[in-house]
Amino acid sequence: MCQKNCRGDCDCESQPMGGGQRGTKCDVRILLVGEPGVGKTSLILSLVGEEFPEDVPPRAEEITIPADVTPEKVPTHIVDFSNQEQSAEELSEEILKSNVICIVYSVVDDDTIDRITDYWLPLIRRVLGEEHSTPVVLVGNKVDLVEYSSLELILPIMNQNQEVETCVECSAKTLKNISELFYYAQKAVLHPTGPLYVPHERELTDKCKQALTRVFRICDFNNDGALNDFELDRFQQKCFNTPLEPQALQDLKALVSRQLPEGVREKEGDPKQGGLTLAGFLFLHKLFIQRGRHETTWTILRKFGYDDSLYLSREYLFPKIRVPAGTTTELTEKGHNFLKMLFEKHDLDKDEALCPNELEQLFSVCPVVPWGPELIYTVATNERRFLTKSGYLAMWTLTAALDVTKVMEYFAYLGFMSVTNAESQLDAVTVTRDKQLDLQLKQTMRNVFHCRIIGPQGAGKTSFLQGFLGRTAQETDEIPRAHLPRYTISSVPVYSQEKFLVLHEIDIFSMHDVLTPPELHCDVVCLLYDASNSKSFEYIARIYKKYFEKSRVPVLVVASKCDRSPVKQDYSVQPEEFCNLHKLPPPQMFTTTPATAGEPAKVSRDIYIRLATMAAYPNLKRLVHVLQSRPSWIGEYTNQMMELPPEVTAWMKVGLGAAAVTVMGLLLMRTLKNANTAN
1 MCQKNCRGDC DCESQPMGGG QRGTKCDVRI LLVGEPGVGK TSLILSLVGE EFPEDVPPRA
61 EEITIPADVT PEKVPTHIVD FSNQEQSAEE LSEEILKSNV ICIVYSVVDD DTIDRITDYW
121 LPLIRRVLGE EHSTPVVLVG NKVDLVEYSS LELILPIMNQ NQEVETCVEC SAKTLKNISE
181 LFYYAQKAVL HPTGPLYVPH ERELTDKCKQ ALTRVFRICD FNNDGALNDF ELDRFQQKCF
241 NTPLEPQALQ DLKALVSRQL PEGVREKEGD PKQGGLTLAG FLFLHKLFIQ RGRHETTWTI
301 LRKFGYDDSL YLSREYLFPK IRVPAGTTTE LTEKGHNFLK MLFEKHDLDK DEALCPNELE
361 QLFSVCPVVP WGPELIYTVA TNERRFLTKS GYLAMWTLTA ALDVTKVMEY FAYLGFMSVT
421 NAESQLDAVT VTRDKQLDLQ LKQTMRNVFH CRIIGPQGAG KTSFLQGFLG RTAQETDEIP
481 RAHLPRYTIS SVPVYSQEKF LVLHEIDIFS MHDVLTPPEL HCDVVCLLYD ASNSKSFEYI
541 ARIYKKYFEK SRVPVLVVAS KCDRSPVKQD YSVQPEEFCN LHKLPPPQMF TTTPATAGEP
601 AKVSRDIYIR LATMAAYPNL KRLVHVLQSR PSWIGEYTNQ MMELPPEVTA WMKVGLGAAA
661 VTVMGLLLMR TLKNANTAN
């Protein structure tokens, strides 16, 4: 069903809003009202017959003008009203159905002019509401009978009534301005002045200024506060599909400079790098509207997604995307490149980080910044807690993974389609292949992997999440509790390829806690317990046996707080034996390396790399761990070999190397065989 107040069948829903040069109406319905004898019917018949009718009926039948013969290429319906044949109820119905209302008056009868404000405008407001948006066109007929203009009487009416779009003087008898009358009526619907301009203030509306300011900032690619020749030419081609001639460009800047000196910024030695400031850009549009060229402003606004009420249309912000179960969403290379361009544009001091002011400027074209104060604890920052480029890209990657709709909304605000010439924000995101298919094919093209960090309260999950970002336990303790995120994300190397790992903290409050399906949907699980608390391991052991014992999701057990004295766990088996029984990698130790003289505290990334590798290669659960962990016997024999003579060491190295290759080959074959059997 059409959502644009159209009548009858149409294909509006298949047409993207905000992309064309005209409004979003499927057709235009023009209603002519006025006092008896002012010439409403004669105007319609003169337009259709191209001559003045000698015999005029009380009312003309509804006329439909095909799209191909109208200037705006929109079907137009012209409706006459007659007090003789129609009731007040029928008049109200026609007012409600119309897109524009022409109030016709006679230039030779001042009483018909008085009735505009005494009767017709109040009637329209009663039917449509005081704040209605249906434009009104005042039509002065019978100018062939006078040698003066009625505009002196009409201008105060136009200035005092915002719904009055324009006034046209014409003659049904001589056909003067008949075509123009209906063209302006069409134009009032498709390119209304009301949302753009306040006539009595001779100023742009606040919403229009806000919209044009967003357009300006998107097109200011070098972020210097002025549109230079290159930027203006790209803007022209984006909006009107034609380049801007050099002379026309200079004339335009000269026009603005004469009337508003601060509207143009000159650059010594390179006039092409000077340009139109925001003040000049807004002034130029005010000039367009004052000269009756408001369709130019509308063309620009619609190219940047605005609807007739100067809101970004829902279709523009939220293109339809289907994300089936088992799939995930990631940014494409085109999306990443757009984000990098934005970062470089707003990193004014070129320190590879965005300070709060720079971040605020980046999102100045959006209603609000999409992230709260937890941002700087979710991704990597520099020592001043400014957002680094890697942290910035990681945060967008996390947003795409968790809320792809928000990514598409903000990419629209930020001008993705305008900058990249993409059809929609769908070019910025991709839906990955079903994970089950990845498991069957034993390979994945994903770049983002999800890890659930599950454990009892107090086990150290928050420290583990912050450790992923290189923060020590002491630094984690200094984070305000209200700003602690449930997620962290960073890039990690997986066999020389950079992948993103998303850590999601899940608390276990009791032995009988239930995990939800979304919590179980992940690529790898980290079961974390406190090695210094004898009750801690039982929580994760029960969770493993309940949810993951028969699952194909890789699991890694991690013992935290290993800087304290470990204690025996109050469970039927100890963690090492539990992992061995369930064919899991041995428990991994996690702690922050304490600071020493001259060496700051630090966090090892080995566990995080292991988790990412297990997520990327789930079919090789144990092998991944073995390949990334040097067995202790290798270390012992290596140390012994260092004490032997060189000639003996050489032969032993060869033998040991051959043996290691054989063992690893057998282990690989066995693991692959088990994986195939499991599948």
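Mapping of the sequence shown onto UniProt numbering: residues 1 to 679, in sequence order. Every residue, glycine too, gets a C-beta built ideally from N, C-alpha and C. As the structure is a prediction and not an experimental result, all values here were calculated from the model.
| query | result |
| --- | --- |
| Taking the alpha-carbon positions, what's the C219 to A67 distance? | 34 Å |
| Can you tell me whether F182 is buried or exposed? The criterion is at least 16 other CB atoms within 10 Å of its CB, across all chains shown. | buried |
| When we look at the beta-carbon of M408 and count the other beta-carbons within 10 Å, is it buried (16 or more) or exposed? | buried |
| Give a single yes or no on whether F283 has its beta carbon closer than 7 Å to a heavy atom of the ligand GDP. | No copy of the ligand GDP appears in this structure; indeed no ligand is present at all. |
| Around the Cβ of V368, are there at least 16 other Cβ atoms within 10 angstroms (buried) or fewer (exposed)? | exposed |
| How is the alpha helix (DSSP H) around F230 delimited, first residue to last? | 229-240 |
| Between the region 422-437 and the region 381-398, do three or more beta carbon pairs fall short of 8 Å? | no |
| Using the Cα positions of G657 and Y495, report the straight-line distance between them to the nearest angstrom. | Per-residue confidence for G657 stands at a pLDDT of 49, beneath the threshold of 50, marking its modelled position as unreliable; the derived number appears in the next sentence. Between G657 and Y495, the C-alpha separation is close to 22 Å. |
| Which residue spans inside the region 547-571 form an unbroken beta strand (DSSP E) run of at least 3? | 555-560 |
| Per DSSP, which one or two residues make a beta bridge with V494? | Q497 |
| Would a C-beta distance cut-off of 8 Å place L331 and T397 closer than the cut-off? | yes |
| Grab me the residues of F468's own chain with a C-beta within less than 7 Å of its C-beta, minus the 5 sequence neighbours each way, in chain order. | T488, S490, L503, Y608 |
| Measure how close the beta-carbons of V256 and L284 come, nearest whole angstrom, since I'm counting them as under 8 Å. | 6 Å |
| Count the other CB atoms, across all protein chains shown, that sit within 10 Å of the CB of F235; report buried if there are 16 or more and exposed otherwise. | buried |
| Could you pull out every residue in the same chain whose Cβ sits closer than 6 Å to the Cβ of T64, ignoring the five residues on either side in sequence? | H77 |
| Taking 8 Å as the cut-off, does the region 92-106 touch the region 47-63 (at least 3 CB pairs, one atom from each stretch)? | no |
| Going by C-alpha to C-alpha distance, which of E180, R486, L282, L301 sits closest to G415? | L301 |
| How would you label Y105, buried or exposed, when you count the other beta carbons within 10 angstroms and need 16 or more for buried? | buried |
| If you follow the beta strand (DSSP E) that N161 is part of, which residue opens it and which one closes it? | Unbroken run through N161: none, as it is neither H nor E. |
| With distances taken between CB atoms, is the gap from A616 to F449 smaller than 8 Å? | yes |
| With a threshold of 7 Å on Cβ separation, who are the neighbours of P631 within its own chain once the five nearest residues in sequence on each side are excluded? | Unreliable placement is indicated for P631, whose pLDDT of 45 sits below 50; the coordinate value is still reported in the next sentence. Same-chain partners within the cutoff: there are none. |
| Could you tell me which residues DSSP pairs with M589 in its beta bridges? | A559 |
| Which two residues bound the contiguous alpha helix (DSSP H) that contains C219? | 206-219 |
| Look at D80 and T134 and say whether their C-beta atoms are less than 8 Å apart. | no |
| Three Cβ pairs or more, each shorter than 8 Å: is that satisfied between the region 150-157 and the region 180-197? | no |
| Keeping to the same chain, check which residues put their C-beta closer than 6 Å to that of E647; ignore five residues upstream and five downstream. | Any reading at E647 must be qualified, since the residue scores a pLDDT of 44, below 50, and its modelled position is unreliable; the value itself is stated next. Excluding positions up to five away in sequence, the list is empty. |
| Please state if the CB of N619 and the CB of L501 are separated by a distance shorter than 8 Å. | no |
| What are the boundary residues of the beta strand (DSSP E) that includes T430? | 429-431 |
| Can you name, in chain order, every residue of its own chain whose Cβ lies under 7 Å from the Cβ of E519, other than the five neighbours on each side? | R452, I506 |
| Just verifying my parser: in three-state terms, what is the DSSP assignment at T176? | The sequence shown places Lys at residue 176, rather than the Thr named in the question. Three-state result, K176: strand. |
| To which residues of the same chain is S82 closer than 7 Å at the C-beta, ignoring the five residues directly before and after it? | P58, R59 |
| On the DSSP bridge list, what partners appear for A380? | Partner(s): none; A380 has no beta bridge. |
| Where does D507 fall in DSSP's three states? | strand |
| What would DSSP say about A353, mapped onto helix, strand or coil? | strand |
| With a 10 Å radius around its C-beta and 16 neighbouring C-beta atoms as the bar for buried, classify Y148 as buried or exposed. | exposed |
| Measure the alpha-carbon distance for E35 versus P71 and round it to whole angstroms. | 29 Å |
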